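Student: Numbering (my numbering), first residue to last: 92 to 297.
Just so you know, even glycine gets a beta-carbon here, dropped at the ideal spot from N, CA and C.
Small disclaimer: the values here were computed from a predicted structure and weren't measured.
First, the structure itself, so that you have it in front of you.
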(Lines of atoms letter the chains of each structure in order from A and count residues from 1; the text may use other names and numbers.)
(Lines give C-alpha, C1' and ligand atoms only; values in the text may rest on other atoms or scores of the structure.)
Protein backbone atom coordinates (compact mmCIF):
# COMPACT_ATOMS: atom_id res chain seq x y z
CA UNK A 1 0.00 0.00 0.00
CA UNK A 2 2.85 2.35 0.79
CA UNK A 3 4.40 1.82 -2.62
CA UNK A 4 1.03 2.30 -4.30
CA UNK A 5 0.44 5.45 -2.23
CA UNK A 6 3.85 6.87 -3.10
CA UNK A 7 3.27 6.08 -6.76
CA UNK A 8 -0.09 7.86 -6.77
CA UNK A 9 1.44 10.80 -4.92
CA UNK A 10 4.21 11.07 -7.52
CA UNK A 11 1.71 10.88 -10.37
CA UNK A 12 -0.38 13.54 -8.65
CA UNK A 13 2.62 15.84 -8.21
CA UNK A 14 3.71 15.36 -11.81
CA UNK A 15 0.16 16.15 -12.92
CA UNK A 16 0.11 19.26 -10.77
CA UNK A 17 3.41 20.45 -12.22
CA UNK A 18 2.11 19.80 -15.75
CA UNK A 19 -1.10 21.69 -15.04
CA UNK A 20 0.83 24.57 -13.46
CA UNK A 21 3.19 24.64 -16.43
CA UNK A 22 0.24 24.69 -18.79
CA UNK A 23 -1.37 27.54 -16.89
CA UNK A 24 1.88 29.53 -16.88
CA UNK A 25 2.28 28.94 -20.62
CA UNK A 26 -1.33 29.94 -21.25
CA UNK A 27 -0.92 33.11 -19.19
CA UNK A 28 2.27 33.94 -21.09
CA UNK A 29 0.59 33.45 -24.46
CA UNK A 30 -2.44 35.46 -23.33
CA UNK A 31 -0.14 38.29 -22.23
CA UNK A 32 1.66 38.26 -25.58
CA UNK A 33 -1.65 38.31 -27.43
CA UNK A 34 -3.02 41.08 -25.24
CA UNK A 35 0.16 43.13 -25.67
CA UNK A 36 0.02 42.64 -29.44
CA UNK A 37 -3.63 43.71 -29.45
CA UNK A 38 -2.81 46.78 -27.36
CA UNK A 39 0.15 47.62 -29.59
CA UNK A 40 -2.05 47.34 -32.66
CA UNK A 41 -4.64 49.71 -31.17
CA UNK A 42 -1.96 52.22 -30.19
CA UNK A 43 -0.32 51.86 -33.62
CA UNK A 44 -3.56 52.90 -35.32
CA UNK A 45 -3.57 56.14 -33.34
CA UNK A 46 0.16 56.58 -33.98
CA UNK A 47 -0.48 56.25 -37.73
CA UNK A 48 -3.28 58.81 -37.56
CA UNK A 49 -0.95 61.19 -35.72
CA UNK A 50 1.58 60.72 -38.53
CA UNK A 51 -1.08 61.65 -41.07
CA UNK A 52 -2.10 64.59 -38.91
CA UNK A 53 1.51 65.83 -38.85
CA UNK A 54 1.72 65.64 -42.64
CA UNK A 55 -1.61 67.35 -43.21
CA UNK A 56 -1.01 70.05 -40.60
CA UNK A 57 2.29 70.86 -42.31
CA UNK A 58 0.52 71.28 -45.64
CA UNK A 59 -2.25 73.35 -44.07
CA UNK A 60 0.32 75.58 -42.36
CA UNK A 61 2.00 76.22 -45.71
CA UNK A 62 -1.29 77.10 -47.42
CA UNK A 63 -2.36 79.48 -44.65
CA UNK A 64 1.07 81.08 -44.49
CA UNK A 65 1.00 81.69 -48.24
CA UNK A 66 -2.48 83.22 -48.00
CA UNK A 67 -1.38 85.53 -45.18
CA UNK A 68 1.58 86.72 -47.26
CA UNK A 69 -0.44 87.31 -50.44
CA UNK A 70 -1.53 90.94 -50.82
CA UNK A 71 -4.86 90.13 -52.42
CA UNK A 72 -7.77 89.14 -50.22
CA UNK A 73 -8.44 85.41 -50.35
CA UNK A 74 -11.64 84.49 -52.16
CA UNK A 75 -11.65 81.05 -50.52
CA UNK A 76 -10.12 79.69 -47.34
CA UNK A 77 -7.24 77.22 -47.55
CA UNK A 78 -8.51 73.65 -47.58
CA UNK A 79 -8.85 72.09 -44.14
CA UNK A 80 -10.44 68.89 -45.44
CA UNK A 81 -7.47 66.56 -45.01
CA UNK A 82 -6.83 67.65 -41.42
CA UNK A 83 -10.53 67.37 -40.60
CA UNK A 84 -10.70 63.87 -42.10
CA UNK A 85 -7.69 62.82 -40.04
CA UNK A 86 -9.25 64.24 -36.88
CA UNK A 87 -12.44 62.29 -37.61
CA UNK A 88 -10.45 59.07 -38.08
CA UNK A 89 -8.62 59.76 -34.84
CA UNK A 90 -11.90 60.00 -32.93
CA UNK A 91 -12.70 56.44 -34.00
CA UNK A 92 -9.20 55.05 -33.46
CA UNK A 93 -8.60 56.47 -30.00
CA UNK A 94 -11.72 54.78 -28.63
CA UNK A 95 -9.79 51.49 -28.99
CA UNK A 96 -6.83 52.63 -26.88
CA UNK A 97 -6.07 50.66 -23.70
CA UNK A 98 -7.54 52.44 -20.69
CA UNK A 99 -4.19 53.43 -19.17
CA UNK A 100 -2.98 54.89 -22.48
CA UNK A 101 -6.24 56.74 -23.09
CA UNK A 102 -6.00 58.27 -19.63
CA UNK A 103 -2.75 60.08 -20.44
CA UNK A 104 -3.42 60.67 -24.15
CA UNK A 105 -6.94 62.06 -24.41
CA UNK A 106 -6.64 65.29 -22.42
CA UNK A 107 -3.57 66.69 -24.24
CA UNK A 108 -4.99 65.50 -27.55
CA UNK A 109 -8.25 67.36 -26.90
CA UNK A 110 -6.20 70.51 -26.21
CA UNK A 111 -4.35 69.96 -29.49
CA UNK A 112 -7.61 69.77 -31.44
CA UNK A 113 -8.88 72.96 -29.77
CA UNK A 114 -5.60 74.70 -30.66
CA UNK A 115 -5.94 73.63 -34.31
CA UNK A 116 -9.35 75.30 -34.51
CA UNK A 117 -8.02 78.37 -32.68
CA UNK A 118 -5.12 78.79 -35.12
CA UNK A 119 -7.55 78.73 -38.04
CA UNK A 120 -9.83 81.23 -36.29
CA UNK A 121 -6.83 83.55 -35.91
CA UNK A 122 -5.93 83.46 -39.61
CA UNK A 123 -9.31 83.23 -41.35
CA UNK A 124 -10.48 86.85 -40.74
CA UNK A 125 -7.12 88.24 -41.88
CA UNK A 126 -6.81 86.37 -45.18
CA UNK A 127 -10.28 87.66 -46.12
CA UNK A 128 -8.86 91.22 -46.04
CA UNK A 129 -6.50 92.83 -48.55
CA UNK A 130 -2.91 92.99 -47.38
CA UNK A 131 -3.08 96.71 -46.59
CA UNK A 132 -5.91 96.13 -44.09
CA UNK A 133 -4.41 93.17 -42.28
CA UNK A 134 -2.86 92.98 -38.86
CA UNK A 135 0.70 92.16 -39.95
CA UNK A 136 1.48 90.50 -36.63
CA UNK A 137 -1.02 87.71 -37.33
CA UNK A 138 1.17 85.98 -39.91
CA UNK A 139 4.06 85.53 -37.47
CA UNK A 140 1.67 84.51 -34.68
CA UNK A 141 -0.05 81.99 -36.93
CA UNK A 142 3.24 80.39 -37.98
CA UNK A 143 4.36 80.23 -34.35
CA UNK A 144 1.07 78.63 -33.28
CA UNK A 145 1.06 76.17 -36.18
CA UNK A 146 4.63 75.14 -35.41
CA UNK A 147 3.69 74.63 -31.75
CA UNK A 148 0.88 72.33 -32.92
CA UNK A 149 3.39 70.18 -34.78
CA UNK A 150 5.68 70.10 -31.75
CA UNK A 151 2.79 68.89 -29.58
CA UNK A 152 1.81 66.31 -32.18
CA UNK A 153 5.40 65.02 -32.14
CA UNK A 154 5.33 64.85 -28.33
CA UNK A 155 2.17 62.74 -28.40
CA UNK A 156 3.73 60.51 -31.06
CA UNK A 157 6.81 60.01 -28.89
CA UNK A 158 4.62 59.01 -25.97
CA UNK A 159 2.77 56.45 -28.07
CA UNK A 160 6.01 55.11 -29.52
CA UNK A 161 7.21 54.28 -26.00
CA UNK A 162 3.88 52.59 -25.29
CA UNK A 163 4.10 50.56 -28.50
CA UNK A 164 7.68 49.45 -27.81
CA UNK A 165 6.65 48.37 -24.30
CA UNK A 166 3.89 46.18 -25.72
CA UNK A 167 5.76 44.87 -28.77
CA UNK A 168 9.42 45.63 -29.45
CA UNK A 169 9.31 44.80 -33.16
CA UNK A 170 6.36 47.09 -33.82
CA UNK A 171 8.08 49.69 -31.63
CA UNK A 172 11.14 49.63 -33.90
CA UNK A 173 8.93 50.25 -36.93
CA UNK A 174 7.24 53.11 -35.11
CA UNK A 175 10.67 54.57 -34.37
CA UNK A 176 11.59 54.53 -38.06
CA UNK A 177 8.31 56.24 -38.89
CA UNK A 178 9.00 58.92 -36.28
CA UNK A 179 12.41 59.70 -37.79
CA UNK A 180 10.77 60.07 -41.18
CA UNK A 181 8.23 62.48 -39.71
CA UNK A 182 11.00 64.42 -38.00
CA UNK A 183 12.80 64.93 -41.32
CA UNK A 184 9.53 65.95 -42.95
CA UNK A 185 8.88 68.50 -40.21
CA UNK A 186 12.38 69.98 -40.50
CA UNK A 187 11.88 70.40 -44.24
CA UNK A 188 8.47 71.97 -43.67
CA UNK A 189 9.86 74.46 -41.17
CA UNK A 190 12.61 75.52 -43.55
CA UNK A 191 10.08 75.94 -46.35
CA UNK A 192 7.80 78.04 -44.12
CA UNK A 193 10.72 80.19 -42.98
CA UNK A 194 11.85 80.89 -46.55
CA UNK A 195 8.30 81.60 -47.70
CA UNK A 196 7.87 84.05 -44.81
CA UNK A 197 11.11 85.84 -45.68
CA UNK A 198 10.45 86.08 -49.40
CA UNK A 199 6.82 87.07 -48.90
CA UNK A 200 7.57 89.81 -46.37
CA UNK A 201 7.73 93.28 -47.96
CA UNK A 202 10.15 94.49 -45.30
CA UNK A 203 13.88 93.98 -45.91
CA UNK A 204 15.65 91.52 -43.67
CA UNK A 205 19.22 90.86 -42.65
CA UNK A 206 20.86 87.43 -42.33
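1. For residue 249, collect the residues of the same chain with a Cβ closer than 8 Å to its Cβ; drop the 5 residues on either side in sequence, then sort them by chain order.
2. Determine whether the beta carbon atoms of residue 143 and residue 173 lie at a separation below 8 Å.
3. Which of the three DSSP states is assigned to residue 169 in this structure?
4. Looking at residue 211: is its Cβ nearer than 8 Å to the Cβ of residue 136?
5. I'd like the list of long-range same chain contacts for residue 214, defined as Cβ closer than 8 Å, with 5 residues on each side in sequence excluded.
6. Quick one: complete alpha helix (DSSP H) runs, 4+ long, within the region 185-244?
7. So, at 6 Å on beta carbons, what are the nonlocal neighbours of residue 220 in its own chain, with the 5 sequence-adjacent residues on each side left out?
8. Apart from the five residues on each side of it in sequence, which residues of its chain come closer than 8 Å, Cβ to Cβ, to residue 147?
9. Rounded to whole angstroms, how far is the Cβ of residue 246 from the Cβ of residue 140, which I believe are closer than 8 Å?
10. For residue 165, count the other beta carbons within 10 Å of its own beta carbon; 16 or more makes it buried, fewer makes it exposed. Which is it?
11. Report buried or exposed for residue 200, applying the criterion of at least 16 other Cβ atoms within 10 angstroms of its Cβ.
12. Whole angstroms are fine: how far does the CA of residue 231 sit from the CA of residue 156?
Tutor: Here's the rundown:
1. 194 and 195
2. yes
3. coil
4. no
5. 167
6. 189-217
7. 163
8. 173, 206, 236, 239, 240 and 243
9. 6 Å
10. exposed
11. exposed
12. 14 Å
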